[in-house]
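The next block holds one structure in the form of structure tokens; read it before the comments.
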Amino acid sequence: MEGVLTAPVLVLASVKSTFGCPMLLEASRLLFYIVLGRQRFANVDRSFVADGQRTLCEQILRESELIAGFDYPDLFRDLFMEQVFLCAYSDAPLAEFTNPGWLAAIVSWQNGEGCFKYYADEGDGVIGPNALTTHCSTHMTGVGAAVLGLFARLQLVQ
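Counted from 1, the sequence shown has number 61 at position 62 by numbering that gives the first Met the number 0; the numbering is strictly sequential.
Structural data, given as structure tokens:
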């Protein structure tokens, strides 16, 4: 895992100006690294990891609620889905991240092809040589699939 945390997190100026502090965005990235580390290192105390995840998710929850309060601006939908997935998947999940209203919003962002896409991107709905890039954001669709899969799993185990 050496070198993974050395790359800076790039935060768009529009994100900084909207949220005022990029630390919450960085909290999402830190949580992602903790989840990855948990998968790789069996010698890490699970209660330590769970406490760290809960602390980060409590901070991230405020940002997620802010995004939801602004009716999920297109610019923040990818971040919102990442936050929901990471905090619902954590060792110490917060019930707020399994909010049915949030799931309904996420499902509504799927386009007719079943993909997720940044609607500000050029070419939405235009037929091109590569349907995946014409109709989908591969990253956002991957994150959306992870969230929807996790919600399906949570329904099965409840």
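Note that CB positions come from ideal geometry on N, CA and C, so glycine has one too.
By the Cβ criterion, the region 49-63 is not in contact with the region 102-120, since fewer than three pairs of Cβ atoms, one from each stretch, lie closer than 8 Å. DSSP places alanine 91 outside both helix and strand once states are collapsed to three, so it counts as coil. By the 16-neighbour rule on beta-carbons within 10 angstroms, threonine 137 is exposed. Around the beta carbon of leucine 155, fewer than 16 other beta carbons lie within 10 angstroms, which makes this residue exposed. For phenylalanine 115, the three-state secondary structure derived from DSSP is coil.
Buried is the label assigned to glutamine 82, since at least 16 other Cβ atoms lie within 10 Å of its Cβ. Listed in chain order, the non-local C-beta contacts of serine 89 below 8 Å within the same chain comprise Leu30, Val34, Ala49, Gln52, Arg53, Cys56, local neighbours out to five positions each way being set aside. Contact annotation, alanine 87 with phenylalanine 96: C-beta distance approximately 4 Å; criterion of less than 8 Å satisfied. Our two residues, arginine 61 and glycine 68, have alpha carbons roughly 10 Å apart in a direct line. In the three-state reduction of the DSSP assignment, proline 72 falls in the coil class, being assigned neither a helical nor a strand state. Here glycine 143 is buried: its Cβ has 16 or more other Cβ atoms, across all protein chains shown, within 10 Å. With respect to the 9 Å criterion, leucine 85 and isoleucine 66 are not classified as neighbours on the basis of their beta carbons. The DSSP-derived three-state label of tryptophan 101 is helix. For the pair isoleucine 105 and glutamate 25, the Cα-to-Cα distance works out to about 22 Å. For glutamine 109, there is no enclosing alpha helix (DSSP H), as DSSP marks it with neither H nor E. Per DSSP, reduced to three states, the secondary structure at cysteine 135 is coil, with no helix or strand assignment.
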